[in-house]
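For the sequence shown, the positions run 1 to 237 when full-length UniProt numbering is used.
Below is one structure, written out as structure tokens; comments come after it.
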Amino acid sequence: MEDDLIAMALELLHGGEQAVGNLTSGGTESIFMAVKTARDWARAQRPDIDRPEIVLPYSAHPAFDKAAHYLNLHVRRIPVRDDFRADPQAMAAAVTGQTIMLAGSAPCFPYGVIDPIADLSILAQERQLWLHVDACVGGFLAPFVHQLGYPVPTFDFQLPGVYSMSADLHKYGFAAKGASTVLYRDDELRQYQPFACDVWPNGTMVTPTFAGTRPGGAIAAAWAVMHYLGVSGYQAK
Ligand SMILES: *Cc1c(COP(=O)(O)O)cnc(C)c1O
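Here is the structure:
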């Protein structure tokens with residue numbers, strides 16, 4: 001069921017052949033996992049960085065600050081433009097040698113507008129940064145709006161700088177609470193997500209996300225809703 005749900009999310013958000021993902025308990029956990037994965041990716045790629053920072057638009061969800069607090073990262077929030085969207089130029093100016101990650105929202109929670117992800121993707125590629133797109137609200141909404149012919153700017157894995165995304169099943173996936181997805185461009189990036197530990201009597205224990213034992217109810221409920229609605233059901237909503 002998890003594989004089915006992730007496959008649907010990746011198809012909607014144009015994850016290519018290599019794209020992968022996991023189910024989590026909600027948007028906060030999805031963002032936590034993406035930030036943790038980016039941190040450990042940066043530790044491997046950029047060992048010179050000793051005070052890692054993430055650069056966010058002012059409108060980004062506090063889940064990023066929560067993750068940064070737990071993960072010992074620094075957050076720089078940059079004012080948005082007059083149209084309430086992220087300001088890629090100002091974010092570019094805020095990037096320092098300690099920056100590991102950028103994020104944008106599709107859409108952001110406070111204003112409901114989609115950030116200029118295409119510009120952030122270019123910036124991320126130029127500066128070799130991890131770009132996370134927070135589509136907690138829009139991940140299971142914007143693709144259907146686009147399919148129905150309304151204009152929606154490109155905000156997903158079609159943009160090469162997008163390394164990870166969060167999309168909540170328990171918002172516009174219409175699933176019961178406790179279901180979200182965290183998605184990666186490829187498994188090489190996701191390799192930094194799992195936690196493994198072998199310093200106890202039962203051998204190596206590996207967990208992909210934050211939880212240990214996971215409740216199956218929310219996953220089953222999300223799977224049932226996805227099959228009940230189907231593409232036409234989501235479009236009609
Ligand atoms: C809801 C939301 C989150 C956090 O998700 P939870 O499921 O409440 O943990 C993160 N980002 C955005 C844009 C959201 O709307």
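Glycine residues also receive a C-beta, built at the ideal position from the N, C-alpha and C atoms.
Taking 8 Å as the cut-off, the beta carbon of residue 167 is found closer than this to the beta carbon of residue 9. Our two residues, residue 78 and residue 88, have alpha carbons roughly 9 Å apart in a direct line.
In the DSSP secondary-structure assignment, residue 197 is bridged to 205. Taking the Cα positions, residue 36 is about 35 Å away from residue 233. If only complete runs of 3 or more residues are kept, the stretch 111–188 shows the beta strand (DSSP E) at 130–134, 162–168, 180–184, in order along the chain. Between residue 182 and residue 25, the C-beta gap is not smaller than 8 Å, which leaves the two residues out of contact. With respect to residue 219, residue 33 sits apart: the two C-beta atoms are not nearer than 8 Å. Residue 226 carries a helical assignment under DSSP once its states are collapsed to helix, strand and coil. With a beta-carbon spacing of about 10 Å, residue 55 and residue 64 fall beyond the 8 Å limit used to define contacts. The beta-bridge partner set that DSSP reports for residue 99 consists of 53. The three-state secondary structure of residue 23, taken from DSSP, is strand. Proximity of the stretch 58–72 to the stretch 105–115 meets the contact definition, three or more beta-carbon pairs being nearer than 8 Å.
Less than 8 Å separates the beta-carbon of residue 14 from that of residue 157. Near ligand 1, meaning a beta-carbon closer than 7 Å to one of its heavy atoms, we find 26, 27, 28, 29, 31, 61, 63, 105, 108, 109, 134, 136, 137, 166, 168, 170, 171, 180.
In this chain, residue 61 is not harboured by any beta strand (DSSP E), its DSSP state being neither H nor E. Inclusion of residue 52 and residue 67 in the CB contact set at 8 Å is not warranted, their separation being larger than that value. Annotated as distal: residue 215 and residue 207, with beta-carbon spacing of 8 Å or more. Looking at the backbone, the Cα of residue 80 and that of residue 86 are separated by about 5 Å. In the DSSP assignment, residue 75 forms a beta bridge with 54.
Residue 127 places its beta carbon 8 Å or farther from that of residue 163. The alpha-carbon separation between residue 197 and residue 213 amounts to approximately 15 Å. When C-alpha distances from residue 139 are compared across 97, 12, 188, the shortest belongs to 12. The C-beta distance from residue 39 to residue 71 rounds to 6 Å, short enough to fall under 8 Å.
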